[in-house]
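> Take 28 as the starting number for the sequence shown in the working numbering and just add one per residue.
Idealized CB from N, CA, C, for every residue including glycine.
Submitted below is the structure of interest, expressed as structure tokens.
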Amino acid sequence: MAPLFSVPLLQKSFAGNGFHGARRWYTPRSRRNWSLQHHRIRIPRPMVDRFDLSRVQPQKEWWRERRIAPATFFGFPDVTKAGLRGGSVYVEQMDAVTLAVLTDKCVQEDVWDPEIWMKFAWRAQQLCARTHEPDLCYIFRAFARADWFDQNLLTTYLGRLHRRLPMFQLPDVAVLLEAFANPRFRQGEYLHRSLTHMGLLLQHRDDASVEDLAKTCIALRDLYPQPEEISTEVKAGLQLLGEALLLRELSELTPSQAVHVLHCMTHWRLVNTEQQTSNAPADLSWTLARELKGKLRNAGKEKPEDLAVLAEAMFTGGIRHEELWEELVTNLEFEMHRLPASFAASAAYAASRFGHRGAKLYSNAGRRLGEEAPKMSPMDCAYAAGAFLRGPASVAEKVLRGAIGERILELGFGSFDPEALTLMLNSLSRAEPGVWGVETMASSLLQEIHSRLHELDADQLTSIVRSLGHLQPEVPEVLKQVLDHCQLKVEDAGGISPRSLARLCQGIAMQPSTTLPDASERLVSLIPQVRRALEAKPTAVSTAQIFWSYSRCSFDERDAVLKDADTRLTERAIDLTADLLLNLVEAMEAIGRTGWSPSEALVQKAWKFSLGVSAPRKVRCSFWCGLGVLAWCRFSSHFGWFRVGDSVALQLQVGSGAICASSLVGLESV
Numbered sequence: 028m029a030p031l032f033s034v035p036l037l038q039k040s041f042a043g044n045g046f047h048g049a050r051r052w053y054t055p056r057s058r059r060n061w062s063l064q065h066h067r068i069r070i071p072r073p074m075v076d077r078f079d080l081s082r083v084q085p086q087k088e089w090w091r092e093r094r095i096a097p098a099t100f101f102g103f104p105d106v107t108k109a110g111l112r113g114g115s116v117y118v119e120q121m122d123a124v125t126l127a128v129l130t131d132k133c134v135q136e137d138v139w140d141p142e143i144w145m146k147f148a149w150r151a152q153q154l155c156a157r158t159h160e161p162d163l164c165y166i167f168r169a170f171a172r173a174d175w176f177d178q179n180l181l182t183t184y185l186g187r188l189h190r191r192l193p194m195f196q197l198p199d200v201a202v203l204l205e206a207f208a209n210p211r212f213r214q215g216e217y218l219h220r221s222l223t224h225m226g227l228l229l230q231h232r233d234d235a236s237v238e239d240l241a242k243t244c245i246a247l248r249d250l251y252p253q254p255e256e257i258s259t260e261v262k263a264g265l266q267l268l269g270e271a272l273l274l275r276e277l278s279e280l281t282p283s284q285a286v287h288v289l290h291c292m293t294h295w296r297l298v299n300t301e302q303q304t305s306n307a308p309a310d311l312s313w314t315l316a317r318e319l320k321g322k323l324r325n326a327g328k329e330k331p332e333d334l335a336v337l338a339e340a341m342f343t344g345g346i347r348h349e350e351l352w353e354e355l356v357t358n359l360e361f362e363m364h365r366l367p368a369s370f371a372a373s374a375a376y377a378a379s380r381f382g383h384r385g386a387k388l389y390s391n392a393g394r395r396l397g398e399e400a401p402k403m404s405p406m407d408c409a410y411a412a413g414a415f416l417r418g419p420a421s422v423a424e425k426v427l428r429g430a431i432g433e434r435i436l437e438l439g440f441g442s443f444d445p446e447a448l449t450l451m452l453n454s455l456s457r458a459e460p461g462v463w464g465v466e467t468m469a470s471s472l473l474q475e476i477h478s479r480l481h482e483l484d485a486d487q488l489t490s491i492v493r494s495l496g497h498l499q500p501e502v503p504e505v506l507k508q509v510l511d512h513c514q515l516k517v518e519d520a521g522g523i524s525p526r527s528l529a530r531l532c533q534g535i536a537m538q539p540s541t542t543l544p545d546a547s548e549r550l551v552s553l554i555p556q557v558r559r560a561l562e563a564k565p566t567a568v569s570t571a572q573i574f575w576s577y578s579r580c581s582f583d584e585r586d587a588v589l590k591d592a593d594t595r596l597t598e599r600a601i602d603l604t605a606d607l608l609l610n611l612v613e614a615m616e617a618i619g620r621t622g623w624s625p626s627e628a629l630v631q632k633a634w635k636f637s638l639g640v641s642a643p644r645k646v647r648c649s650f651w652c653g654l655g656v657l658a659w660c661r662f663s664s665h666f667g668w669f670r671v672g673d674s675v676a677l678q679l680q681v682g683s684g685a686i687c688a689s690s691l692v693g694l695e696s697v
């Protein structure tokens, strides 16, 4: 209990010569109850008098010392509001984790203040030697996405990444590959080492989750295109990722992740191409397509851009899942008004290449592209032209006379890159005859291409040659210069794909003899490369195009190419679509006049597929089958396979109804 009287207090007074003392004979109330918890509870607070933390362990109360109190004791200020709030962001007190979080937040919130990023770069270099994964990868990715190029920062972090790379797990490698999507931060040697480490992880460890595998696939997709050496490693890594994903539960992936993984496999040409060395990417793509069925409505509401990505993936990979495609088209019609210009153009282009001719999709796409026309890039204009020029003439004229045509004229062909020029010429070559403005625009485009031939690679030049085969320009000098430059590029490239070589042969063979009298000589000069391409087992489409092209050649040297193509087509004739099957039969009929006869096996398969007996659904019972039979009859008349009075039944389907016609073919044996 507190004493009643306190120790006397003395007060000195020096007034005059005297000394006066004062004594307080009581203890004030504030001094009596300072240690009580409550005025009605007489028990003192525990350890108040017996223990003083500040005396026994003064370091435990460091915040009481004003000189060492951090300014960030209550957290760092919001960097996204630094422009409004002002003051310091306390970069000098950030550790690696805080720096990784804040740099990534600035990227997501579109904060591009140079002063802030300069301080971030300064602090990142200070902490580099003490930074470990995953913070190291996140910081490097943030600077790459912000495109803040500092040579000292790049050199420092590449060295640290090289030092810590053997300790990376698959999620760390995925983040690093996302950073390498920026070509300014991508170094070939470090990309090669990252891909090698990723391959080792996939081969020797099996603990990666399905989400980490999907993120790695998406990161690799953004690296396209790459040089041949890097492309080989990327494709090998994607095949390992495909095999690993097939062993996981793919239903755990969100629809958005499944769409982007599917797009990655088709974007790197691992599905339905000549370079397909493993079945894992194709199996994974079809499995994901089946998983996506019934999920596109919700996916389109959350992220409509994924619908356009899926359309491009299905067209590029040749994934003809009819039910999924119908669902995709329906949702594209619903969500087209929400798509940006680039996605709307690519979705319409993929639909046109897939064979869709529904008016609602194209009308919605045209309306949206008209609204977003000022934002369209040259590549978007090329995609939009490719989408609408393949349709009816009325739709094509609306494109050339409307907002898209005005945007093309506003940009000018001089602003188009080589890829956009190639796609634009291909689009104009597929328009129906007589469409307004096609010839004028094609002539201007050809003039621009002719002046920039040195900028085009071999694949783009072969596509241009085939487009000129459809357009058939009346300028032999320009055509010959383009062909000479293309053939020279093909010879220098060496390892050109069979698909590109087939386009070149087809473009040469389509030119009339009056414009290109040396077409046969040009085809003969390509025979060594064509034979090497046929030995690589190309697709049936490329082989059929080569066969058709050399059926127009008048020299005997073509026989070796025709024989190789005959052997390949016998194996893969079932993969031909109806129009290509018709072209094959017409080529066999044309080449029969010159005395060269195809093999019996190819003849039998072409006959069965033309009649639709054992053809796949995309060929059987189609209108093209009837035309194929008529061409077959002309072809067979040269070999005596039909007699007078032979009856051929043609079953044609028009819409939903079938028309059966029996015609007598009066053909005399040769």
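Counting C-beta neighbours from all protein chains within 10 Å, is the total for methionine 145 16 or more, i.e. buried, or is it exposed?
exposed
> Alanine 563: buried (16+ other C-beta within 10 angstroms of its C-beta) or exposed?
exposed
> Tell whether a beta-carbon distance below 7 Å holds between serine 379 and aspartate 333.
no
> Terminal residues of the continuous alpha helix (DSSP H) containing glutamine 487?
485–498
> Which residues in the same chain have their Cβ closer than 6 Å to the Cβ of valine 492, if we skip the five residues on either side of it in sequence?
Same-chain partners within the cutoff: Cys513, Leu531 and Gly534.
> Cutting at 6 Å between CB atoms, please list the residues of its own chain near methionine 403, excluding the five before and the five after it.
Ala368 and Arg434
> Measure the C-alpha to C-alpha separation of arginine 457 and leucine 277 and round it to an integer number of angstroms.
39 Å
> Applying the criterion that 16 or more other CB atoms from any shown protein chain within 10 Å of the CB defines a buried residue, is arginine 296 buried or exposed?
Buried is the call here.
> I'd like to check one pair, leucine 280 with alanine 241: are the Cβ atoms closer than 7 Å?
yes
> Would asparagine 358 be called buried (16 or more neighbouring beta carbons within 10 Å of its own) or exposed?
buried
> Arginine 112 lies in the alpha helix (DSSP H); which residues open and close that run?
Counted as a single uninterrupted DSSP element, the alpha helix (DSSP H) harbouring arginine 112 occupies residues 109–112.
> Looking only at C-alpha atoms, which of Leu163, Glu360 and Lys132 sits nearest to alanine 173?
Lys132
> Under the three-state reduction of DSSP, which class applies to tyrosine 251: helix, strand or coil?
coil
> Using the Cα positions of leucine 203 and arginine 168, report the straight-line distance between them to the nearest angstrom.
7 Å
> As an exercise, report each continuous beta strand (DSSP E) stretch of at least 3 residues that is fully enclosed by the stretch 251–277, in chain order.
Along the stretch 251–277, the beta strand (DSSP E) does not occur as any fully enclosed run of 3 or more residues.
> I need the DSSP call for phenylalanine 195, collapsed to helix, strand or coil.
Judged by DSSP in its simplified three-state form, phenylalanine 195 adopts coil rather than helix or strand.
> Is it true that the stretch 155–168 meets the stretch 196–213, where meeting means three or more beta-carbon pairs spaced less than 8 Å apart?
yes
> Along the chain, where does the alpha helix (DSSP H) that runs through arginine 479 open and close?
Premise fails: arginine 479 is in no alpha helix (DSSP H) and is neither H nor E.
> For the putative contact between leucine 228 and leucine 273, defined by C-beta atoms under 8 Å, what is the C-beta separation to the nearest angstrom?
At roughly 17 Å, the Cβ-Cβ gap does not stay under 8 Å, so leucine 228 and leucine 273 are not in contact.
> Give me, in chain order, the residues of the same chain whose beta-carbon lies closer than 8 Å to that of glycine 114; leave out the 5 immediate sequence neighbours on both sides.
Sequence-distant Cβ neighbours of glycine 114 in its own chain, meaning closer than 8 Å and more than five residues away, are Pro104.
> The alpha helix (DSSP H) with aspartate 545 in it runs from where to where?
That residue, aspartate 545, is in no alpha helix (DSSP H); it is neither H nor E in DSSP.
> Taking just the CA atoms, how far does alanine 372 sit from aspartate 407?
6 Å
> Buried or exposed, going by whether 16 or more other CB atoms sit within 10 Å of the CB of histidine 481?
So histidine 481 counts as exposed.
> Quick check on DSSP: helix, strand or coil for leucine 366?
coil
> Could you pull out every residue in the same chain whose Cβ sits closer than 7 Å to the Cβ of threonine 597, ignoring the five residues on either side in sequence?
Ser626, Ala628, Leu629 and Lys632
> Please name the residue, chosen from Asp122, Val462 and Leu455, that lies closest to alanine 469 on a Cα-to-Cα basis.
Leu455
> Can you tell me whether methionine 121 is buried or exposed, with buried defined as 16 or more other CB within 10 angstroms of its CB?
buried
> Excluding the 5 residues flanking glutamate 399 on each side, which residues of the same chain have their C-beta closer than 8 Å to its C-beta?
Pro367, Ala368 and Ala371
> If the criterion is Cβ atoms closer than 7 Å, does the pair arginine 150 and leucine 129 meet it?
Not in contact: arginine 150 and leucine 129 (Cβ atoms no closer than 7 Å).
> Nearest by alpha-carbon distance to tyrosine 410: which of Gly521, Ala377, Ala529 and Ile554 is it?
The shortest C-alpha separation from tyrosine 410 is found at Ala377.
> I'd like to know whether the C-beta atoms of histidine 348 and alanine 386 end up nearer to each other than 7 Å.
Contact: no.
> Less than 7 Å separating the beta-carbons of valine 551 and glutamate 518?
no
> With burial defined as no fewer than 16 other Cβ atoms inside 10 Å of the residue's Cβ, what is the status of methionine 194: buried or exposed?
exposed
> Measuring CB to CB, does leucine 452 end up less than 7 Å from serine 494?
yes
> Does the Cβ of tyrosine 53 have 16 or more other Cβ atoms within 10 Å, making it buried, or fewer, making it exposed?
That one is exposed.
> Distance, Cα to Cα, leucine 506 vs glutamine 230?
Rounded to the nearest whole angstrom, the C-alpha separation of leucine 506 and glutamine 230 is 51 Å.
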